[in-house]
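Taking it in order: structure first as structure tokens, then the write-up.
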Amino acid sequence: MSYVDRDTYGMYKNSDSQGPGPALMGADTLIGDSVVNADDDDLGDIKEIMLDMRSGQVAYAVLSFGGFLGMGEKLFAVPWQALRLDTVNKRFGLNVEKDRLKNAPGFDKDAWPDMSDIGWSNQIHQFYGTDPTMSGTHMGGRAGMGAGAGGSYSSNI
């Protein structure tokens, strides 16, 4: 199910946006969207979107990865700027190899980190190659994934 399918209010029905998707998107419609890399490897799905209440911007998407039926899954806070909206396939792209994600700093659903901690934030941004001072500023500039954090590639996944 994609963000278009979860649009119960019709906000995407008449979108004439020239960007990678609607200019503004409902956060609730993005929960559950799948995340893949340039090799089309399934990296999981978005479980939550974390807002920075001081800046008013999206800081992280919480990605679940691994496990089966919710058992043994690991959660990852992915900087919003590391994600790219793929409007062709109605999902997100993340420029990270599946094996590398397995070693990413993550957490258990019963033990969330203090996401406001500067040291923790710097560790997450360093892993994904994003700038902690630019919270949530980039969502791509075209359909497909385009350039991602830590390198570039072209794909219409």
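The sequence shown lines up with residues 1 to 157 when you count with the UniProt record's numbering.
Yeah, the Cβ is synthetic: ideal placement off N, Cα and C, and Gly gets one too.
For clarity, every value in this text was computed on a predicted model and none was experimentally measured.
#1: Confirm, please, whether the CB-CB distance from Y60 to M25 is below 8 Å.
#2: Using C-beta distances below 7 Å, list every residue in its chain close to M134, excluding the 5 sequence neighbours before and after it, in chain order.
#3: Under the DSSP definition of a beta bridge, which residues are partnered with D45?
#4: So who's on the other strand from A111, going by DSSP bridges?
#5: Could you give the residue range of the alpha helix (DSSP H) that holds V98?
#6: May I have the straight-line CA-CA distance separating K109 from Y12, to the nearest angstrom?
#7: Using only CA atoms, which one of K90, I49 and N95 lies nearest to S34?
#8: Whose C-beta lies closer than 7 Å to the C-beta of P105 among residues of the same chain, with five residues either side of it excluded?
#9: Between the Cα of G66 and those of E97, N95, D42 and A27, spot the shortest distance and give me the residue it belongs to.
With the given structure in hand:
#1: Not in contact: M25 and Y60 (Cβ atoms no closer than 8 Å).
#2: So the qualifying residues of the chain are Q81.
#3: Paired residue(s): S34 and S64.
#4: Within the DSSP secondary-structure output, A111 pairs in a beta bridge with D108.
#5: Checking the sequence shown, residue 98 turns out to be Lys, not Val. For K98, the uninterrupted alpha helix (DSSP H) run begins and ends at K98 to L101, by DSSP.
#6: CA-CA distance, K109 to Y12, rounds to 31 Å.
#7: The option with the nearest alpha carbon to S34 is K90.
#8: Within the same chain, P105 has close Cβ partners Q123, I124 and F127.
#9: When only C-alpha atoms are compared, the closest one is D42.
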